[in-house]
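J.: Quick one: the structure is below, questions incoming.
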Amino acid sequence: MSLYFREVGSGQPVIILHGLFGSSDNWLTIARQLATDYRLVLPDQRNHGRSFKSETFDYQSMSRDLLDFIEENSIDHPVIIGHSMGGKVAMNFAVNYPSMLSKLVVVDIGPKAYPVHHQQILSGLNHLDLTRIKSRKEADDLLSDYVEEAGVRQFLLKNLDRDEDGAFTWKLNLPVITREIENVGEALSVEKTFSKPALFVKGERSEYIVDDDSQRITQIFPDNRIVSVSRAGHWVHAENPSEFLSVIKAFLME
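Numbering (our numbering), first residue to last: 378 to 631.
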């Protein structure tokens with residue numbers, strides 16, 4: 378099945394892959410800032426946004442989705458940018474299909490395994506009874522019992538949609554994501570390398586990439602560079618977009 382996607386700009390193709398609980402919509406602001414010089418293609422990954430729902434949710438499947446997407450849309454040697462879960466998809470894709478892309482950008486995630494740490498969010502989302510909720514404000518109030526940060530709640534509740542009868546429904550495949558959440562944290566398991574340029578962008582305030590990770594990153598991505606964006610946590614592109622864009626533009630122009 379085909380992935381839903383958004384597209385802006387023209388020129389060298391750049392694919393941006395969103396993270397867990399996200400969608401292509403989260404990256405439109407960044408994409409529009411690059412669209413004067415590049416063709417930005419933003420797919421919704423399986424079980425997210427407007428793309429198809431599947432009982433299978435793992436990096437092998439999502440990497441294959443990306444391969445099919447590139448071939449179906451005749452995208453020639455794109456730069457691939459992936460954030461968080463999208464970065465894991467991008468890394469898996471790069472080592473398995475290195476001839477299909479020109480450069481790799483991984484945003485605030487490494488190839489190592491991460492412990493599952495989304496239980497509170499998943500508990501909150503699963504406790505929202507969409508048959509009873511009448512407004513987004515009500516959903517936000519209920520979710521605040523589980524997720525303290527207003528900005529995170531706003532991000533999560535972008536996944537709410539209305540069906541043809543006006544009732545709330547989830548865009549994302551919440552039952553499958555909940556069931557398969559351990560797959561999201563798994564390490565890059567294949568013993569392959571990607572020798573083309575790879576940029577790792579981390580948030581200064583984030584602990585997803587630490588100094589000790591550089592050795593493993595270099596083993597898999599020998600032509601790598603790790604850049605820290607100041608005053609930013611895990612959502613680097615949203616917390617310091619100007620510096621993030623400066624780093625990305627410099628890498629794209631090389």
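Every residue gets a Cβ at the ideal spot worked out from N, C-alpha and C, and that includes glycine.
I'd like the ranges of any beta strand (DSSP E) spanning at least 3 consecutive residues and lying wholly in the segment 434-476.
T.: Counting whole runs of 3 or more residues, the segment 434-476 contains the beta strand (DSSP E) stretches 456-460.
J.: Pair every Cβ in the segment 597-611 with every Cβ in the segment 494-511, then say whether three or more of these pairs are closer than 8 Å.
T.: No contact exists between the segment 597-611 and the segment 494-511.
J.: Give the DSSP bridge partners of Thr-587, in chain order.
T.: The residue you call residue 587 lines up with position 210 of the sequence shown. According to the sequence displayed, residue 587 carries Val and not Thr. Note: Val-587 sits in no beta bridge, so no partner.
J.: Give the DSSP-derived three-state secondary structure of Lys-548 in the structure shown.
T.: Start at 1 with the first residue of the sequence shown, and residue 548 comes out as number 171. Coil, per DSSP.
J.: Where does Arg-539 sit, in a helix, a strand or coil, going by DSSP?
T.: The residue given as residue 539 occupies position 162 in the sequence shown. Looking at Arg-539 - three-state DSSP - the assignment turns out to be strand.
J.: In the DSSP assignment, find the beta strand (DSSP E) that holds Gly-580 and state where it starts and stops.
T.: Counted from its first residue, the sequence shown places residue 580 at position 203. Run containing Gly-580: 575-580, per the beta strand (DSSP E) assignment.
J.: Assuming contact is defined by CB atoms lying nearer than 8 Å, are Lys-480 and Lys-579 in contact in what I supplied?
T.: As a first step, residue 480 is located in the sequence shown; it is residue number 103 there, counting from the start. As a first step, residue 579 is located in the sequence shown; it is residue number 202 there, counting from the start. No, the pair does not count as a contact, with Cβ atoms beyond the cut-off.
J.: For the beta strand (DSSP E) that Arg-383 lies in, which residues bound it at each end?
T.: Position 6 of the sequence shown, counted from the start, is the residue given in the question as residue 383. Run containing Arg-383: 382-386, per the beta strand (DSSP E) assignment.
J.: Could you tell me if Lys-465 is buried or exposed, where buried requires 16 or more neighbouring beta carbons within 10 angstroms of its beta carbon?
T.: Position 88 of the sequence shown, counting from 1, holds the residue named residue 465. The residue in question, Lys-465, is buried, as its Cβ has 16 or more Cβ neighbours within 10 Å.
J.: Which stretch, first to last residue, makes up the alpha helix (DSSP H) that contains Leu-419?
T.: For the purposes of this step, residue 419 is identified with residue 42 of the sequence shown, where counting begins at 1. It is not in any alpha helix (DSSP H) - Leu-419 instead sits in the beta strand (DSSP E) that spans 415-420.
J.: Measuring only the C-alpha atoms, how far is Met-477 from Ala-412?
T.: Numbered from 1 along the sequence shown, position 100 holds the residue referred to as residue 477. Numbered from 1 along the sequence shown, position 35 holds the residue referred to as residue 412. Between Met-477 and Ala-412, the C-alpha separation is close to 22 Å.
J.: If contact is defined by three or more beta carbon pairs under 8 Å, each pair taking one atom from either stretch, is the segment 528-535 in contact with the segment 558-567?
T.: Segments in contact, no.
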